[in-house]
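Residue numbers (our numbering), protein chains in the order written: chain Z, 108 to 422; chain X, 344 to 944.
No residue lacks a Cβ here, since even glycine has one placed at the ideal position from N, Cα and C.
Right, one structure below, let's go through it.
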């Protein structure tokens, strides 16, 4: 009995901590999806790039030697954000903007098909290009914190162990989330993003450059997800194809949270993290990812309105 | 005859390909020669669903993998021959299509694509967990032919070619039938297709199960050719992407597309993989990725269409449509001039009609709310044969919602819709269309890339068994609205008036008992509106029963027998035009309280 309870609490705490990072990851995608209504299939692969960026910043570019093994990884992870934001900005400028934003009116289905397929192409290039550049060996950003834990308790003979790296990951995730919320609600950029999301046409009339707002959202979303990826990498080894698994987690979170809602995406991601960790109590670990896919399917079947935003089409 | 001639290029291509493949001696290139038609077939399977319906599937690997594993496991555990297993794989693929399609077709656009992505990936993990990481097909030395194991690999190429030819012929047959027409209509405007009497779910299920059947068969064949099956190689994302890539690259919605894409991309990727695969392990995926990106940016519909447009443009000057074409169009309707007949609505001859004809459509206490908003509340009315009912009311009064309830786009919350005495509430749009409710749309929903004839023909299928019959019905309907002279023109090039008339014809082609017209005059100039009004009046004279939503009161007063005035979802007044236009409640609803005092009494 005590053991079962302990296992449950352990899974719960792991779920909450992973969930916070998943939440941040989903927010990155949610921002892009909410502002631009573009489905970015390559987002998981952007995150993969973020993981490698943090990895190389840490190991090859001297952050390890400057900041040491404990603080160093987190510095590298936070720096990977801006690096990937620039990458996202460039990708939007060169490719995505051609099939989205103000140019979509001329395309069939408002360019949705073009967007889906274009980002699928980008995903394939990044995954397989990653394989060429980074190789298929598993990489990870190890810190001494990854293999040590804080013990909470014992309360009534039950103690829960919290992995230190995961704990700090969750704190960083919450901090980033707070910063982002402030940026979106308080700043001028945030206002232009919200206006562009709400009604692109009206925003244009009000003098907001919608395409620029989209570019900022795309860069910001990419950077945020890259940071979340770096945080995950402190605990999970990664490889060039890791994006496919996470992109489903991201969409599950965004759908669950209701599209267009930044905070919703965060809680959506949190829920997915919890589901994933709790599923280990009853399912074999190999089926963890299958469980996420099933949850994802259930969500789009039973809560698609969160996704649609506006359900009723005018006739 | 024309059908056979158009098959000639396909047959020539197949024979040439077979001849080339027989001359290849290097065993690796022989394998590549086999893989080209294999991926072409897989691309054709994808094209059958996604190319024609526009529902992009990112999960075709699900069907492919099911087929591959069925053949591999069937041979290992039951010692069956692929000659039997491939048809079984096809059936399983078809069943998987139905199983996946039935729930997933509730989703639209990218939600469908996302859901489709999840299926093969979920199955992939399950197969890994089941311990099927790598399945090798047993070699049968004593009776290789019976197990489809040929000493000469060129036989695989011929077999693959035969499957490709079969798939192409099947696709062609579908393309030219009402099946293909229904899928195209769904692609261009699903709601309109449904309202025109197309059972969209049934057609989409047929398409996905047929697509799954082909994918399952070719997946099974792929297992036989490669002899090794792993979850990644048959359920992986690259597999789904490959189907989509060859089809998109070559051209969507044509049998040539996947074939062209496969012939160019597969040898390219395979050769690079063989030459540089050890140093650049993902080069194949990069090539496919680049191919997709380039296609989207340069030729969003694929090579086939790009080349065809280019060739058409070169030969265009010879047969360019004259610039005076619009004149012809506007001349079409006045060709049968019809005087306005204000007397028809409320005068001689109608006195007997109004109030005494059979009730065709009866609505009782119909209500529907969205959350807290009562869009339609407790609406009741009767529509008699040959009557024209005008439905008016301010914006947001619930007029279009009422139509959406009547044609089945929305399910009523409460209330009944009786068509000839039968309760039809809650039925699907295509069922209501079949029962006799035709409609047009406030925001027009043409099938943009189809000609007027084809657009209208889609509406005629609901009343016809054969294509010839449908063509006849369509031609009649087009003649009734006066568009016969431009019937071959593509909907995308029409003026608003012509589109309005075309939608009218599409609704007429299904020979409705009741015609619902939603702001048919919106966006038309004064003269154009008069032309359309004349057409509607002619329909009424010929015995059609019509309910029409319209804001232009001048036109309405001339047109209708009685009015139904809605405000905030409820009927405020019902009655003859003279009475209604003087009613203080109507004036208040339209203009506000202070105008009531100015109203003539």
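Beta-carbon contacts of residue i that lie in its chain and below 6 Å, excluding the five residues immediately before and after
| i | result |
| --- | --- |
| residue 537/X | 543, 772, 773 |
| residue 174/Z | 182 |
| residue 367/X | 373, 376 |
| residue 406/X | 436, 439, 555, 558, 559 |
| residue 741/X | 718, 719, 909, 912 |
| residue 678/X | Residue confidence is low: residue 678/X scores 38 on pLDDT, short of 50, so the model does not pin down where it sits. No coordinate-derived value is stated. |
| residue 696/X | Model confidence at residue 696/X stands at a pLDDT of 42, short of 50, so the residue's coordinates are unreliable; what they give is reported in the following sentence. Closer than 6 Å at the Cβ level, and outside the excluded window around residue 696/X, lie 729. |
| residue 403/X | 389, 558, 583, 586 |
Option nearest residue i by Cα separation, candidates the options
| i | options | result |
| --- | --- | --- |
| residue 442/X | 552/X, 361/X, 495/X | 552/X |
| residue 197/Z | 397/Z, 229/Z, 176/Z | 229/Z |
| residue 577/X | 757/X, 918/X, 465/X, 785/X | 465/X |
| residue 384/X | 810/X, 514/X, 896/X | 514/X |
| residue 401/Z | 422/X, 447/X, 770/X | 447/X |
| residue 805/X | 767/X, 850/X, 790/X, 480/X | 850/X |
| residue 202/Z | 539/X, 633/X, 935/X, 752/X | 633/X |
| residue 753/X | 519/X, 511/X, 534/X | 534/X |
| residue 809/X | 477/X, 832/X, 654/X, 519/X | 519/X |
| residue 615/X | 933/X, 629/X, 602/X | 629/X |
| residue 357/Z | 187/Z, 407/Z, 264/Z | 407/Z |
| residue 586/X | 572/X, 574/X, 710/X, 602/X | 602/X |
| residue 408/X | 401/X, 420/X, 382/X, 463/X | 463/X |
| residue 481/X | 569/X, 381/X, 460/X | 569/X |
Beta-carbon separation (whole angstroms), residue i vs residue j, contact threshold 8 Å
| i | j | result |
| --- | --- | --- |
| residue 859/X | residue 780/X | 7 Å |
| residue 916/X | residue 845/X | About 34 Å; that fails the 8 Å criterion. |
| residue 522/X | residue 735/X | Actually they do not touch by this definition, with Cβ atoms about 41 Å apart. |
| residue 591/X | residue 635/X | 6 Å |
| residue 146/Z | residue 222/Z | 6 Å |
| residue 922/X | residue 852/X | Actually they are not in contact, since the Cβ atoms of residue 922/X and residue 852/X sit about 36 Å apart, beyond 8 Å. |
| residue 395/Z | residue 383/Z | 6 Å |
Three-state secondary structure assigned by DSSP to residue i
| i | result |
| --- | --- |
| residue 708/X | strand |
| residue 457/X | helix |
| residue 180/Z | helix |
| residue 828/X | helix |
| residue 352/X | helix |
| residue 752/X | coil |
| residue 168/Z | coil |
| residue 646/X | helix |
| residue 760/X | strand |
| residue 846/X | helix |
| residue 721/X | strand |
| residue 340/Z | helix |
| residue 549/X | helix |
| residue 926/X | coil |
| residue 862/X | coil |
| residue 781/X | strand |
| residue 620/X | coil |
| residue 144/Z | coil |
| residue 609/X | helix |
Other residues of its chain near residue i: CB distance less than 7 Å, five sequence neighbours each side excluded
| i | result |
| --- | --- |
| residue 114/Z | 388 |
| residue 390/Z | 398 |
| residue 176/Z | 250, 251 |
| residue 227/Z | 148 |
| residue 385/Z | 118, 122 |
| residue 811/X | none |
| residue 526/X | 395, 396, 546, 550 |
| residue 213/Z | Low local confidence applies: a pLDDT of 48 at residue 213/Z is under 50, so the model's placement there is unreliable, with the coordinate-based value given in what follows. Within the same chain, residue 213/Z has no close Cβ partners at all. |
| residue 895/X | 864, 872 |
| residue 769/X | 754, 755 |
| residue 662/X | Caution applies to residue 662/X, whose pLDDT of 44 falls short of 50 and renders its modelled position unreliable; the value that the coordinates give is listed next. Nothing meets the Cβ criterion. |
Chain-order list of residues whose beta-carbon lies under 8 Å from that of residue i (same chain, five-residue window excluded)
| i | result |
| --- | --- |
| residue 364/Z | 133, 137, 370, 371, 372, 373, 374, 375, 376, 413 |
| residue 204/Z | 210, 318, 321, 322 |
Whole runs of the beta strand (DSSP E) within the region 866-924 of chain X, excluding any shorter than 3 residues: 888-892, 905-910, 913-918
Every unbroken beta strand (DSSP E) within the region 471-529 of chain X, with a cutoff of 3 residues, ordered by chain: none
Segments assigned alpha helix (DSSP H), at least 4 residues, entirely inside the region 410-467 of chain X: 425-447
Segments assigned alpha helix (DSSP H), at least 4 residues, entirely inside the region 268-312 of chain Z: 271-293, 295-305, 307-312
In chain order, each alpha helix (DSSP H) run of at least 4 residues that lies wholly inside the region 324-408 of chain Z: 349-364, 369-389
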